[in-house]
Every structure is written in C-alpha cells, then in structure tokens.
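Structure first, commentary second.
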Amino acid sequence: MYDIKALYEATSVDHAVQLLLEHPQALIIAGGSDVLIKIREGSLAKVELVSIYKLDALRGITKEADGTIRIGSLTSFSHIHADPYIQKHIDVLGDAVNMVGGPQIRAIGTIGGNTCNGVTSADSASTLFAYDAEIEITGPEGVRICPISKFYLGVGKVDLRPGELQTAILIRKESYTGYKGHYIKYGMRNAMEIATTGCSVNVKLSQDKKTLKDIRIAYGVAAPIPIRALKTEEAIRGRKLSAEVREEIGRLVLEDVTPRNSWRASRDLRLQLCSTLAMRAFEEAVKKAGGEIDG
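Take 8 as the starting number for the sequence shown in our numbering and just add one per residue.
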C-alpha cells in the first residue's frame with residue numbers, strides 16, 4: 008500500500024540536513040497529510056523519506072525580544088488557531104488555517120508542510136503574504152531568511168536548496184502592529200475543500216479611522232503562485248475610506264491577477280471571485296480596524 012524505499016528519522020535539525028545531503032532524492036515528511044496520500048496513490052513509488060516529525064524544537068509559537076512572532080514549521084494548524092499570540096496579534100492567520108481540511112487534518116498538518124508544498128491554494132499562503140512573512144531556512148551553510156514573496160518559485164516549487172529544510176516562519180512586529188485583516192476562502196463546499204480562490208486583506212487606518220494608511224491584498228489561486236495585488240495597493244494607499252474606494256479595489260485587482268481555467272473553475276469565474284472577495288475582505292478588515300465604509 009505504501010511503497011517506501013527507506014525512512015530516515017532525524018534526531019536534530021543538523022542531523023536532518025546531514026540526511027538530506029546523504030540522500031538527495033529523499034523527501035521530507037512531517038505530519039504526512041500530503042506525502043502519504045501521494046505515496047498511497049502511487050505517484051511517489053520507491054520514495055526515500057527523511058522524517059522530521061520528532062524535532063520538537065520546530066514546534067510552537069514564540070514572541071521574540073524585537074516583537075517578531077516566530078512560528079515553528081512543525082506547528083500544527085490547530086495549535087496556530089488556538090495560540091494566544093496569534094489570537095492577539097494576527098488572528099486572521101488563525102482563521103485561515105482553521106479552514107484547512109477537517110479537524111483531523113488540522114491536528115496533524117503543519118504550517119511548514121502547507122507552505123513547502125508550493126501550491127497556490129494553500130490557505131495559509133495568502134494570509135502570510137499579506138503579513139510580509141519571512142521564511143527561515145536551515146541548511147549546510149547555516150540559516151538564511153527568505154521573504155515569502157521569493158520563496159515560491161513556481162507551481163509546486165519553493166526555494167529549498169540541496170540539504171535545506173524550512174525551520175520557521177517569521178512575522179516582524181512592523182508587519183502586524185496596527186493592522187487588522189480578514190481572509191475569505193471560496194469553495195464549492197463549506198468544509199474539506201480546496202480553495203477555488205482565496206483572498207486575504209490587511210489594513211492599517213489613520214488615528215481617526217477615516218484614512219487608509221496602508222493596505223495589503225493577497226491571493227491564492229489567482230496566479231500560478233500566491234501573489235500580492237501590488238498595483239492595487241499602491242493606487243489605494245492613503246485614500247479616504249469610501250464606497251468608491253471599495254469599488255475601485257474590485258476593478259483594479261483584475262489587473263494584478265492572472266487566474267487560469269481548470270476543471271474546478273473557469274478563468275472568468277475566478278476573475279469575478281478575485282474582485283468580489285477583495286471588496287468583501289477589505290470591508291470586513293476595515294470594520295475590524297474600527298473604521299466604516301458608507302454605502
């Protein structure tokens with residue numbers, strides 16, 4: 008049923024790096040919620056695996072001295088959703104990962120696995136893009152930090168070089184302080200569904216709650232990889248809150264996204280979703296930030 012050539016169990020991060028160098032064709036397995044399915048269906052026959060499941064140093068969420076929130080790559084979705092730092096500072100990420108699969112998947116699935124798959128539909132990805140998250144990667148040369156916008160290289164491809172593994176996700180204090188956000192996942196079902204399109208919007212309002220000091224709009228399944236709607240953000244930043252601004256967001260994002268046709272949804276449907284979800288997520292984020300949009 009599971010055609011596995013070999014399973015190597017890492018006892019530390021350094022040992023995992025060593026095993027990956029010794030077995031360059033091996034795949035990393037943590038929670039296994041994706042890898043085991045592919046092995047069972049036969050698409051990874053005779054695979055070699057390096058298990059990092061027992062590396063507890065890669066689990067948990069901490070707030071560092073400079074305010075950076077550090078999420079260990081083996082932290083489960085259910086742990087993230089319930090964590091007090093997440094609930095206080097970046098609750099939209101907790102909401103997003105709570106939409107992954109069902110309770111069993113959320114209990115075993117990890118944030119590292121979700122991002123390292125390189126798929127644009129990952130529920131955590133667009134929200135992490137909206138927080139300007141950074142990826143901590145450990146390998147033979149030590150530790151390097153990669154902005155999440157550069158971590159995704161293409162469909163199913165991420166910037167992990169030989170012997171490297173993702174060890175944490177970092178969200179800097181300046182990326183979450185003063186921001187409120189909202190994530191919307193559109194799927195054909197209410198649960199156990201891969202996103203047809205997902206949109207995460209973060210806003211920072213002026214002190215009087217009438218002006219948009221900053222905005223970040225991020226998407227999943229609106230391009231081959233998760234993206235930010237950078238042109239739209241630049242055009243809207245600094246504007247007074249209004250229904251006109253909301254409608255303008257809905258129009259402008261269509262210039263940032265490049266969805267495709269697939270058996271799950273047509274390009275035209277996804278374009279409509281990109282527009283509608285951005286407007287709705289924007290309005291909800293503004294409400295959470297204490298603002299109001301008339302009309």
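Beta carbons: idealized from backbone N, C-alpha and C, even for Gly.
At what residues does the beta strand (DSSP E) containing residue i begin and finish?
i: Arg-47; result: Run containing Arg-47: none in the beta strand (DSSP E); it sits in the alpha helix (DSSP H), 42–48.
i: Val-20; result: Where Val-20 is concerned, there is no enclosing beta strand (DSSP E), although the alpha helix (DSSP H) it sits in stretches over 20–29.
i: Lys-70; result: 68–70
i: Leu-261; result: Run containing Leu-261: none; DSSP gives neither H nor E here.
i: Gly-161; result: 159–161
Whole-angstrom Cβ separation of residue i and residue j, contact assumed at under 8 Å?
i: Ser-85; j: Ile-118; result: 11 Å between Cβ atoms; not a contact.
i: Lys-247; j: Gly-298; result: 10 Å between Cβ atoms; not a contact.
i: Ile-224; j: Glu-241; result: That belief does not hold up - the Cβ atoms of Ile-224 and Glu-241 are roughly 11 Å apart, past 8 Å.
i: Thr-184; j: Glu-143; result: Not confirmed; about 20 Å, so no contact.
i: Gly-116; j: Ser-40; result: 5 Å
i: Thr-347; j: Leu-172; result: Within the shown structure, residues of the chain are numbered from 8 to 302, placing residue 347 beyond reach of any answer.
i: Gly-205; j: Asp-130; result: 6 Å
i: Arg-258; j: Ile-222; result: About 15 Å separates the two Cβ atoms, so there is no contact after all.
i: Thr-203; j: Leu-280; result: 7 Å
i: Gly-170; j: Leu-62; result: Not quite, the Cβ-Cβ distance comes to about 16 Å (not below 8 Å), so this is no contact.
i: Val-252; j: Ser-282; result: Their Cβ separation, rounded to whole angstroms, is 14 Å, which puts Val-252 and Ser-282 out of contact at 8 Å.
Could you tell me the distance, in whole angstroms, from the CA atom of residue i to the CA atom of residue j?
i: Asn-105; j: Ser-83; result: 10 Å
i: Glu-254; j: Asp-275; result: 18 Å
i: Leu-34; j: Tyr-15; result: 10 Å
i: Tyr-190; j: Ser-249; result: 20 Å
i: Met-286; j: Gly-108; result: 25 Å
i: Tyr-92; j: Lys-157; result: 26 Å
i: Ala-132; j: Lys-12; result: 31 Å
i: Gly-67; j: Val-42; result: 22 Å
i: Ile-46; j: Ile-36; result: 11 Å
i: Lys-187; j: Pro-31; result: 42 Å
i: Gly-125; j: Phe-289; result: 26 Å
i: Leu-135; j: Val-54; result: 30 Å
i: Glu-29; j: Ser-213; result: 54 Å
i: Ser-50; j: Thr-122; result: 20 Å
i: Thr-218; j: Ile-44; result: 48 Å
i: Ala-17; j: Leu-56; result: 10 Å
i: Ile-76; j: Leu-278; result: 33 Å
i: Ala-52; j: Ser-58; result: 17 Å
i: Arg-168; j: Ile-300; result: 46 Å
i: Thr-265; j: Ile-232; result: 10 Å
i: Lys-95; j: Arg-179; result: 15 Å
How should residue i be labelled, buried or exposed, when 16 other C-beta atoms within 10 angstroms of its C-beta is the threshold for buried?
i: Leu-237; result: exposed
i: Ser-128; result: buried
i: Ala-272; result: buried
i: Ala-229; result: buried
i: Glu-181; result: exposed
i: Asp-263; result: buried
i: Ser-19; result: exposed
i: Asn-209; result: buried
i: Val-162; result: exposed
i: Val-24; result: buried
i: Tyr-159; result: buried
i: Ala-72; result: exposed
i: Val-150; result: exposed
i: Ala-89; result: exposed
i: Arg-267; result: exposed
i: Ala-64; result: exposed
Report yes or no: is there a C-beta of chain B within less than 9 Å of the C-beta of residue i?
i: Trp-270; result: The structure shown contains no chain B, having only a single protein chain.
Among all the DSSP beta bridges, which residues are the ones paired with residue i?
i: Asn-209; result: Gly-188 and Arg-223
i: Ile-36; result: Ser-58
i: Ser-269; result: Partner(s): none; Ser-269 has no beta bridge.
i: Arg-151; result: Ile-144
i: Gly-76; result: Note on identity: in this sequence residue 76 is Ile, with Gly being the wrong assignment. Ile-76 is bridged to Lys-70 and Ile-178.
i: Ala-13; result: Glu-55
i: Ile-234; result: Tyr-226
i: Ser-165; result: Per the sequence presented here, residue 165 reads as Val, with Ser not at that position. According to DSSP, which records beta bridges pairwise, Val-165 is partnered with Tyr-159.
i: Ser-83; result: Thr-117
i: Lys-247; result: Thr-218
i: Leu-172; result: Thr-145
In the DSSP assignment, the alpha helix (DSSP H) including residue i goes from what residue to what residue?
i: Gln-279; result: 274–295
i: Tyr-92; result: 91–96
i: Tyr-183; result: 180–183
i: Ala-114; result: 110–115
i: Gly-119; result: 118–123
i: Ser-133; result: 130–137
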